[in-house]
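Asker: Numbering (this note's numbering), first residue to last: 80 to 327. Cβ atoms here follow ideal geometry from the backbone N, Cα and C, with glycine treated the same way. Mind having a look at this structure? Questions to follow.
Below, the structure written as structure tokens:
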């Protein structure tokens, strides 16, 4: 009997043995998610059964809505939630339209996964509070862990997180999300895009009492890069300096 994990329309075949799930590239299934531990959980895959093992993760694993404690035998149809990602454990199927991916040394799911998609949908519908509740804590945790060195710099996850924080900043005009945008770009140690500068200018200039602390820190970082900056980078830096001066 063969077992698979299903994520949306995709199916990932589980090889026999110990199958690691976590944020680290050493895991067979790597999740770009700040709520996921480096080695979060393992699946012990046998010929006729699969056992879930929580590896002491901070946020745990939920199975069918309940946090799993210790080792747990899985039943086809069980829904596993790890961080923001929901996976369905099932037997291998051969149905029209099913997409089965060949097992690779590491399979990576995109940053923020289903929660990110739901947050984008909420923003599109004007449900700002709902979007903040869905993704806000993940953005804060991503920024904090990246700054503190708790997690290795994961450029795709940080860039995606900055995009979501900018979406929230643009809609809410909140200093909280402006600061997260700047903290995440600071972690990348490189100039942000023209679109980000444009958005920051609009948001910060509309705020009654903007705080320029994070902007000042980011501008100082860009200055320290010196000769690494291209002419286009220096132009963006001059715009950020002008924005900093306008905030006082």
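1. Taking 8 Å as the threshold, find out whether the region 246-254 comes into contact with the region 124-144 through three or more Cβ pairs.
2. Name the DSSP beta bridge partners of residue 55, please?
3. When the Cα atoms are used, what is the spatial distance from residue 300 to residue 117?
4. Going by C-alpha to C-alpha distance, which of 316, 295 and 145 sits closest to residue 327?
5. Could you please give the first and the last residue of the uninterrupted alpha helix (DSSP H) stretch that includes residue 314?
6. Nearest by alpha-carbon distance to residue 265: which of 232, 274, 282 and 243 is it?
7. Specify the secondary structure class of residue 278 as computed by DSSP and reduced to three states.
8. If you draw a straight line from the alpha carbon of residue 271 to that of residue 154, how long is it in whole angstroms?
9. Please report the residue range of the beta strand (DSSP E) in which residue 167 lies.
10. Can residue 119 and residue 103 be called in contact, C-beta distance under 7 Å?
11. Write down every uninterrupted run of the alpha helix (DSSP H) in the region 189-238 whose length is 4 residues or greater and which is fully enclosed by it, in chain order.
12. Report the CB separation of residue 213 from residue 194 in whole angstroms; it is logged as a contact under 8 Å.
13. Can you list, in chain order, the residues of its chain whose CB lies under 7 Å from that of residue 199, leaving out five sequence neighbours each side?
14. Helix, strand or coil for residue 115 per DSSP?
15. Identify which residue in 147, 322, 314 and 308 has its Cα closest to the Cα of residue 290.
Answerer: Put simply:
1. no
2. The structure shown does not extend to residue 55, since the chain spans only 80 to 327, so no value can be given for it.
3. 29 Å
4. 295
5. 310-326
6. 232
7. helix
8. 46 Å
9. 164-170
10. no
11. 192-203 and 207-227
12. 5 Å
13. none
14. coil
15. 322
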